[in-house]
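Contents: one structure, followed by commentary.
2 protein chains.
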Amino acid sequence: MVESGTEKPRKTAYHHGDLRATLLRAAEEELDERGIEGFTLRGCAKRAGVSHAAPTHHFGDANGLLTALAAVGFERFLEVQTRVQAEAGADARARHTAAGLGYIRFALENPELFRLMFSSRRADFSDAALQKTAMQSFDALLGSIAALRGVNPREDQPAMLDVLASWALAHGLSDLLLSGRMLTLADMPGETRERTLAEIFTRSLRD
Amino acid sequence: MVESGTEKPRKTAYHHGDLRATLLRAAEEELDERGIEGFTLRGCAKRAGVSHAAPTHHFGDANGLLTALAAVGFERFLEVQTRVQAEAGADARARHTAAGLGYIRFALENPELFRLMFSSRRADFSDAALQKTAMQSFDALLGSIAALRGVNPREDQPAMLDVLASWALAHGLSDLLLSGRMLTLADMPGETRERTLAEIFTRSLRD
DNA sequence: GCGCCAATTTTTACACTGCAAAGATCGCAA
DNA sequence: TTGCGATCTTTGCAGTGTAAAAATTGGCGC
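Sequences listed follow chains A and B, in order.
Okay, so the first sequence: first residue is 5 according to the numbering used here, each after it adds one.
Okay, so the second sequence: first residue is 5 according to the numbering used here, each after it adds one.
Below you can see the structure in the form of structure tokens.
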């Protein structure tokens, strides 16, 4: 009520003024600071300045809020992917390597969000919105291999193997780096690590 | 007190008779049934038939119990790895592929334990016992590549790249299969999937 | 302009959780 | 037998998620 004067006017506001978006921002804060293990619905509500039961109406329960947040994560993930591939130029192999490095960079820059998207059971992937954005990310990967091999991986077994292998490689590196299990890589200075990762991706592509 | 007569005598028993081991078994049950997200210390205590504060003395807190359980997981993981490699015969490449398939099979057969070991922040990897067993698993991987390339990966950059790539590939496939994100693979019948996975591992090794 | 409706938010309540502290139990050694 | 220390239970407390009822308020028909 007070801040509705100080902030730019948001959409239609009943009592708060786009509580849904505010809660999503609060949830990401909560996620970043406390991790998925320490994530709390009441903490989100407190950050948003509303009662602890307010989120219910917009997201149902805690997992509902996390599901919506995961969808936001996949949207952002897709943005990063398209951007880094565009920056990599026209060469299909360079674009593919850039995609792999982008995957890892996204994980390192959004560790808890990444864990929510890929390693948690709390986001509900039967949710339509989440399923859609997640699928778009997979399609981007398919497109990258399609450009590289000149075929549609959905109709070409070897190309599909490339897709699965590339994905698993990027994902495995991301997950092991994040969890602190792959110390050999995690302990490298950023510059060296970037070069090592690029080499791993390059070597992984046959031909 | 009652069951100490009916069960085979365990080590030294004050009140219960090896409560520590009983709690570890209960914890794995709890983990399997409720998942890491639903894991509860009180639930473990109930399964073990003791008060909810009993675990404190043996494990400190909930994360302490999970840490000990993760160590058990790595021990079992190492057993599986050595077994499947032994069954694969003498050929270094065959052994390496078997190790990758074993990695994935372990993940699929112990999904929640695997997630605890690799994707959770709840196990404390500064714990000496856990660190030791986890390191042994990594050493086994190093050994596999060492046998394949005839060099010590710790002193050979290309071989170390093989180590990292192989590990990431196996781990990425495991994690994506477990989380239900890689439907292309998850939806295959077991036989086909096994063959596809083997092909992915084979193709991933240069030469 | 006015009053009702429905969307939104708060209040209240409850069962469950992890953890800490104090008390109870019991094997064992002196 | 007695006392000690390891083990386990009881009790208490602050937080948590969720459900249900109550309260607020914008918008719509009139």
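Each residue gets a CB set at the ideal place from its N, CA and C atoms; glycine is no exception.
Proximity below 8 Å, CB of residue i to CB of residue j
i: Leu237 of chain A; j: Met192 of chain B; result: With chain A covering 5 to 211 only, the question about residue 237 of chain A has no answer from this structure.
i: Leu105 of chain A; j: Leu201 of chain A; result: yes
i: His175 of chain B; j: Phe122 of chain B; result: yes
i: Leu165 of chain A; j: Ile204 of chain B; result: yes
i: Phe129 of chain B; j: Gly184 of chain A; result: yes
i: Leu23 of chain B; j: Ala58 of chain B; result: yes
Separation of residue j from residue i, as counted between CA atoms
i: Glu34 of chain A; j: Pro115 of chain A; result: 13 Å
i: Ser55 of chain A; j: Leu28 of chain A; result: 15 Å
i: Asp143 of chain B; j: Ser208 of chain B; result: 20 Å
i: Ala90 of chain A; j: Arg99 of chain A; result: 8 Å
i: Leu145 of chain B; j: His62 of chain B; result: 32 Å
i: Ala163 of chain B; j: Thr44 of chain B; result: 42 Å
i: Thr16 of chain B; j: Lys136 of chain B; result: Note that Thr16 of chain B scores 35 on pLDDT, short of 50, meaning its location in the model is unreliable; the coordinates nonetheless yield the value given after this. Answer to the nearest angstrom: the Cα atoms are 26 Å apart.
i: Glu198 of chain B; j: Ala92 of chain A; result: 35 Å
i: Asp179 of chain A; j: Phe81 of chain A; result: 15 Å
i: Gly42 of chain A; j: Thr60 of chain B; result: 21 Å
i: Asp160 of chain A; j: Thr196 of chain B; result: 16 Å
i: Leu134 of chain A; j: Arg87 of chain A; result: 21 Å
i: Gly154 of chain B; j: Gly194 of chain B; result: 34 Å
i: Ala94 of chain A; j: Ala94 of chain B; result: 45 Å
i: Gly53 of chain A; j: Gly53 of chain B; result: 43 Å
Spatial neighbours of residue i in its chain, beta-carbon cut-off 8 Å, leaving aside the 5 residues before and after
i: Leu120 of chain B; result: Leu35, Ile40, Leu70, Leu73, Ala74, Gly77, Arg126, Ala127
i: Arg212 of chain B; result: Here chain B comprises residues numbered 5 to 211, so residue 212 of chain B is not present and cannot be evaluated.
i: Ala49 of chain A; result: Leu27, Ala30, Ser55, His56, Ala57, Ala58, Pro59
Whole-number beta carbon distance between residue j and residue i, since they are thought to touch under 8 Å
i: Leu177 of chain B; j: Ala190 of chain B; result: Incorrect: roughly 10 Å between the Cβ atoms, too far for contact.
i: Arg51 of chain B; j: Ala66 of chain B; result: Actually they do not touch by this definition, with Cβ atoms about 14 Å apart.
i: Leu117 of chain B; j: Glu32 of chain B; result: 7 Å
i: Thr26 of chain A; j: Thr101 of chain A; result: Contact flag wrong, Cβ pair sits at about 39 Å.
Which listed residue (the options) has its alpha carbon closest to that of residue i
i: Ala103 of chain A; options: A:His61, A:Glu198, A:Ser148; result: A:Ser148
i: Asp211 of chain B; options: B:Phe43, B:Glu37, B:Arg97; result: B:Arg97
i: Trp171 of chain B; options: B:Gly93, B:Lys136, B:Gln85; result: B:Gln85
i: Arg158 of chain B; options: A:Thr60, A:Glu83, A:Thr196, A:Thr188; result: A:Thr188
i: Gln140 of chain A; options: A:Gly53, A:Leu152, A:Glu83, A:Arg199; result: A:Glu83
i: Asp131 of chain B; options: B:Ala49, B:Gly68, B:Val88; result: B:Gly68
Chain-order list of residues whose beta-carbon lies under 7 Å from that of residue i (same chain, five-residue window excluded)
i: Asn156 of chain A; result: Ala150
i: Ser124 of chain A; result: Ile40
i: Pro13 of chain B; result: Residue placement at Pro13 of chain B cannot be trusted, given a pLDDT of 34 that sits under 50; what the coordinates show is reported in the next sentence. Within the same chain, Pro13 of chain B has no close Cβ partners at all.
i: Leu152 of chain A; result: Ala96, Arg97, His100
6 Å CB neighbourhood of residue i in its chain, flanking five on each side removed
i: Ala138 of chain A; result: Phe78
i: Met5 of chain B; result: Annotation note: pLDDT 31 at Met5 of chain B (below 50); position unreliable, coordinate value reported separately. Around Met5 of chain B: no qualifying Cβ.
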